[in-house]
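*Asks:* Questions regarding the structure given below will be posed in turn.
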Ligand code: FPP
C-alpha cells in the first residue's frame, strides 16, 4: 500500500512545524555552490506544502530564515531573499488554486524592502483562503519572540493595563507571534541534526519530534507522509499515565456514540 494511503485521516496533526536543514551539505556533496542547494530546496518546499494540503493539515510552519542566518555571507543571504521573492511570485496561482493562506512569523522589518512587499502582497491576496495556513518563519528566532512578548507585557503592567498576577501561560502565548495558532503537534528536522535551533521553544512543550537523515533538497512527499505515520504510531500522554489516556479516549468515544 502506498505510504499516503496508510495515514489515518482522523488522527492528523493540526499543525506541523519543519526545520529545513541540509541545503549546503546537499550542494557540497554534488560539487555545487551552497546556493544551488537552496534552489533545489525550493522544490522540496513546494512538494511538502502540496503534501500537507493534500492531507488536509491545517497549519504548516517552515523555518525559512532564522535571526542567526543574518550572519551568513552576504551573497548567500541575497540569494536566499531572491529565491524567496521568486518562489512566492511563481507560486501565487498555486496558493490561490489550493486555497492556501500565507502568513509569517518573525521580524519582517529586517527583510529587504522588495521581500517585504512581495510577502505583504501574497499575504493580502491569500488572506481569505480557508485551507492550509502556510506560516513562513522569516528572520525568526524563539528567544527574540519571547523577549518581545515579555516587553509587551511589561509595558502593559507599566501603564496599569494589567497586573503582574494577571500573567499566565494563556496571556503570555497571546503575545507571541503565533497567537491564535495551535501549538505544533509534530516537528520535523531534516539532515540528521538533532537540535531545535531557537525554533518555537515555547510552542513545542508537548510536540512530538521527528528527525530524519534526509537532506532538505532530497525531502519528498513520501518523506513527509512517513513522518506523519510515525507521529500516528506514538502515544501522546501530556504528563498523564497510559491508563489515564485510555480512559480519556474511551470517554471521548462514548460521547461521540
Ligand atoms: C538550511 O540549510 C536551509 C536554510 C537556511 C534556508 C531554507 C530556505 C529554502 C529551502 C529556500 C527558500 C524558502 C522558501 C520558503 C521558498 P543549510 O544551508 O543550513 O544547510 P547546511 O546545514 O547543510 O549548511
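In this note's numbering, the protein residues as written are 619 to 875.
Built from N, CA and C at the ideal position, the CB exists for glycine as well.
Quick caveat: nothing in here was measured; it's all calculated off a predicted structure.
So which of 790, 671 and 726 has the shortest CA-CA distance to residue 750?
*Replies:* 671
*Asks:* With a threshold of 6 Å on Cβ separation, who are the neighbours of residue 655 within its own chain once the five nearest residues in sequence on each side are excluded?
*Replies:* 641, 642, 644, 645 and 835
*Asks:* Looking at the structure shown, is residue 751 part of a helix, part of a strand, or coil, going by DSSP?
*Replies:* Residue 751: strand per DSSP, three-state reduction.
*Asks:* Around the C-beta of residue 633, are 16 or more other C-beta atoms found within 10 angstroms, so that it is buried, or is it exposed?
*Replies:* buried
*Asks:* Looking at the secondary structure, which residues open and close the beta strand (DSSP E) in which residue 684 lies?
*Replies:* 677-684
*Asks:* Using a Cβ-based criterion (distance less than 7 Å to any ligand heavy atom), does residue 707 qualify as near the ligand FPP?
*Replies:* no
*Asks:* Can you name the residues that DSSP bridges to residue 633?
*Replies:* 677
*Asks:* Given 7 Å as the limit, tell me if residue 813 has its C-beta closer than that to any heavy atom belonging to the ligand FPP.
*Replies:* no
*Asks:* Would residue 860 pass as a contact of residue 853 if the rule is Cβ separation under 8 Å?
*Replies:* yes
*Asks:* Let's test the definition: count the other Cβ atoms within 10 Å of the Cβ of residue 683 and tell me whether it reaches 16, buried, or not, exposed.
*Replies:* buried
*Asks:* How many whole angstroms separate the CB atoms of residue 638 and residue 680, which I take to be in contact at a CB cut-off of 8 Å?
*Replies:* 6 Å
*Asks:* Taking the straight line between their C-alpha atoms, what separation do you get for residue 708 and residue 736?
*Replies:* 11 Å
*Asks:* Just to confirm, are residue 827 and residue 631 a CB contact at a threshold of 8 Å?
*Replies:* no
*Asks:* I'd like the span of the beta strand (DSSP E) that includes residue 723, first residue to last.
*Replies:* 719-723
*Asks:* Please go through the region 759-838 and give each complete beta strand (DSSP E) segment of 3 or more residues, from N-terminal end onward.
*Replies:* Taking only runs of at least 3 residues, the beta strand (DSSP E) segments lying wholly in the region 759-838 are 804-807 and 826-829.
*Asks:* Indicate, with yes or no, if the ligand FPP has a heavy atom lying under 7 Å from the CB of residue 703.
*Replies:* Because no heavy atom of the ligand FPP lies under 7 Å away, the Cβ of residue 703 does not count as near it: no.
*Asks:* Along the chain, where does the alpha helix (DSSP H) containing residue 715 start, and where does it finish?
*Replies:* 692-715
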